[in-house]
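Chemist: In the numbering used here, the protein residues as written are 152 to 220. For every residue, glycine included, the Cβ atom is placed at its ideal position computed from N, Cα and C. Every value quoted in this text rests on a predicted model; they were computed, and no experiment measured them.
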Amino acid sequence: MADNLTRTDMERYMLNELIGSFLDIRMVKAITWQNADMRGVSAGAAAVAASTMTAWVQGMNFTHRPQLN
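(1) Return the CA-CA distance between Lys180 and Ala153, expressed in angstroms with no decimal places.
(2) Determine the direct distance from the alpha carbon of Ser193 to that of Ala206, and round the result to whole angstroms.
(3) Helix, strand or coil for Gly210? Go by DSSP, reduced to three states.
(4) State the DSSP-derived secondary structure class of Met152, mapped to helix, strand or coil.
Below you can see the structure in the form of structure tokens.
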């Protein structure tokens with residue numbers, strides 16, 4: 152009887168560890184996908200920011216402003 156309980160307890164423990172490992176793998180995959188999405192969003196934001204800065208600097212025409220004359 153004690154052997155059966157010990158074996159059952161060991162099987163339960165091993166199954167619990169196996170399920171925990173599967174959940175850890177799934178979590179790592181989800182984090183990897185989120186990082187890939189974030190890299191794409193960051194690259195797009197950097198492209199928009201660079202073009203916005205260029206337009207901002209080029210649009211500063213202080214020498215030919217009619218309001219200052």
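Modeler: Concretely, from the data shown:
(1) 41 Å
(2) 20 Å
(3) coil
(4) coil
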